[in-house]
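Residue numbers (my numbering): 116 to 241.
Following this line, the structure appears as structure tokens:
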């Protein structure tokens with residue numbers, strides 16, 4: 116029987132590999148997570164008409180935690196927020212590596228608590 120944690124390790128490794136090219140990272144995260152967890156993901160775009168449309172911000176809401184990536188002046192900014200009843204109580208900027216680790220841990224916990232989330236994450240993991 117396959118170790119369920121192994122799939123999350125593969126996901127974390129995949130995200131780290133994608134993070135090496137920050138221009139592509141937001142696009143990949145938006146595509147992967149909006150396909151697997153559309154009800155939990157918000158994707159904002161910028162550009163359009165005369166310029167190439169690209170992802171500006173991705174936010175994943177998992178329980179009372181929100182994980183965001185956004186295009187900043189110095190590359191990608193990663194944030195973690197604690198949200199209760201729609202109110203953001205605390206937002207912290209974290210480095211991308213920490214963001215990936217915490218997101219994967221939260222996804223794993225989310226999958227254990229919800230059959231629908233588990234099936235969605237199975238699609239995400241391949």
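The beta carbon of each residue, even a glycine, is placed where N, CA and C say it ideally should be.
Expressed to the nearest angstrom, what Euclidean distance is found between the alpha-carbon atoms of residue i and residue j?
i, j, result
"residue 172", "residue 157", "8 Å"
"residue 208", "residue 229", "28 Å"
"residue 216", "residue 148", "15 Å"
"residue 233", "residue 224", "10 Å"
"residue 186", "residue 177", "21 Å"
"residue 214", "residue 220", "10 Å"
"residue 189", "residue 179", "28 Å"
Closer than 7 Å by C-beta to residue i: which residues in its own chain qualify, once you throw out the five before and the five after it? Chain order, please.
i, result
"residue 236", "151, 222, 226"
"residue 251", "This structure cannot settle anything about residue 251, because the visible part of the chain is limited to 116 through 241."
"residue 155", "175, 176, 177"
What is the residue span of the beta strand (DSSP E) that residue i lies within?
i, result
"residue 204", "202-209"
"residue 157", "156-163"
When DSSP builds the beta bridges, which residues end up paired with residue i?
i, result
"residue 196", "181, 206"
"residue 191", "186"
"residue 174", "157, 183"
"residue 169", "161"
With DSSP run on the structure shown, which of helix, strand or coil describes residue i?
i, result
"residue 186", "strand"
"residue 237", "helix"
Spatial neighbours of residue i within its chain, please: C-beta separation below 6 Å, excluding the five flanking residues on both sides.
i, result
"residue 183", "174, 194"
"residue 196", "181, 203, 206"
Can you name the start and end residues of the alpha helix (DSSP H) that residue i belongs to?
i, result
"residue 137", "137-151"
For residue i, which residues from the same chain have a beta carbon less than 8 Å from its beta carbon, with the 5 sequence-adjacent residues on both sides left out?
i, result
"residue 238", "150, 151"
"residue 168", "160, 161, 162"
Is residue i close to the ligand MN? I mean its beta-carbon at under 6 Å from any heavy atom of the ligand.
i, result
"residue 201", "This structure does not include the ligand MN; it has no bound ligands of any sort."
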